[in-house]
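S.K.: Mind having a look at this structure? Questions to follow.
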Amino acid sequence: MQANITRTVILALVVASSGWSAATAVHAQAASAAFTREAQAAVTPARALAMLKEGNQRFASGKSVARDFLAQVKQTSKGQFPFAAVVSCLDSRVPPAIVFDRGIGDLFVARVAGNFVNDDILGSLEYATKLAGAKLIVVMGHTECGAVKGACDAAQLGLLSATLANINPAVTAVKGNFTPRSSANGEFVQAVADMNVQLTMQKLRDRSVVLREMIDKGEIGLVGAMYDVSTGKVSFYE
Ligand SMILES: [Zn+2]
235 MQANITRTVI
245 LALVVASSGW
255 SAATAVHAQA
265 ASAAFTREAQ
275 AAVTPARALA
285 MLKEGNQRFA
295 SGKSVARDFL
305 AQVKQTSKGQ
315 FPFAAVVSCL
325 DSRVPPAIVF
335 DRGIGDLFVA
345 RVAGNFVNDD
355 ILGSLEYATK
365 LAGAKLIVVM
375 GHTECGAVKG
385 ACDAAQLGLL
395 SATLANINPA
405 VTAVKGNFTP
415 RSSANGEFVQ
425 AVADMNVQLT
435 MQKLRDRSVV
445 LREMIDKGEI
455 GLVGAMYDVS
465 TGKVSFYE
């Protein structure tokens, strides 16, 4: 108790001396607190999207919230109430929780090279939403994607060949005068990355009855996105 009182006093002094408004302090505290069952229940799909946009704006402008991750570990030890689920690439430059400036317990994340979905990932997303309460699914590709480039070149390597085959429908679906149609053509690579997000969203709807029904009822949202590895900014397809 003594420690808590001391922290409160110190926080008050910091707030007073730094010129922060009380509202700013409350907002900062709220943004760094782990999600609770009540907080998750109050989030709509639209609000979940807005929070991801706000988080990415903070991240891309160097204003990410300072979080006490160990405190969040304790807060979430008895249960998790994430507000969104993200399907993204394996790429080391695209860590969803960081680029959306979120903490422990905020986001479900499914990652696979080329951010496609199969039955295992769709089942995981059914769990994340229907059972665990997330309100939004984001399918997020990224610029300069090595998996997409590999698919564009029909790269062959062990089991990776079968993984990259999941991106082939996007390679085939991209029409237009792209010359060459290979990783040597940056515009073609990005067109395939964009198409891959669109086809992944379509496959999600077509393949998962559970997710489609929740989307159609407005219980959850589904949105595509593209992360720019050179700016840190996420663009949403809306
Ligand atoms: Zn990638």
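Per the numbering used here, the sequence shown starts with residue 235, numbered consecutively.
Where is the CB? At the ideal position from N, CA and C, for every residue including glycine.
What you are looking at is a predicted structure, and each value in this text was computed from that prediction instead of being measured.
1) Taking the C-alpha atoms as reference points, what is the distance between Thr465 and Lys297?
2) Can you find a heavy atom of ligand 1 that lies under 6 Å from the Cβ of Cys386?
3) Hey, is Ala276 close to ligand 1, as in C-beta under 6 Å from one of its heavy atoms?
4) Between the Cα of Val405 and those of Ala427, Leu391 and Gly392, spot the shortest distance and give me the residue it belongs to.
5) By the DSSP assignment, the alpha helix (DSSP H) with Phe470 in it spans what residues?
6) If we call anything under 7 Å between Cβ atoms a contact, is Leu359 one with Ala319?
7) Are there 16 or more other CB atoms within 10 angstroms of the CB of Leu286, so buried, or fewer, so exposed?
8) Tell me the DSSP secondary structure of Gly375 in three-state form.
9) Select from Gln291, Gln274, Ala268 and Thr278 the residue whose C-alpha is nearest the C-alpha of Val468.
10) How far does the alpha helix (DSSP H) with Phe422 in it extend, from its first residue to its last?
11) Between which two residues does the beta strand (DSSP E) containing Arg195 stretch?
12) Reducing DSSP to helix, strand and coil, say where Ser395 ends up.
13) Determine, using beta carbons only, whether Ile338 and Thr310 come nearer to each other than 7 Å.
M.R.: Let me spell this out:
1) 14 Å
2) no
3) no
4) Comparing Cα positions, the closest option is Ala427.
5) Careful: Phe470 lies outside any alpha helix (DSSP H), inside the beta strand (DSSP E) at Val468 to Tyr471.
6) yes
7) buried
8) strand
9) Gln291
10) Unbroken alpha helix (DSSP H) run through Phe422: Gly420 to Arg441.
11) In the structure as shown, the chain begins at 235 and stops at 472. Residue 195 is therefore absent and cannot be evaluated.
12) In the three-state DSSP reduction, Ser395 falls in the helix class (H, G or I).
13) Yes, the Cβ-Cβ distance between Ile338 and Thr310 is below 7 Å.
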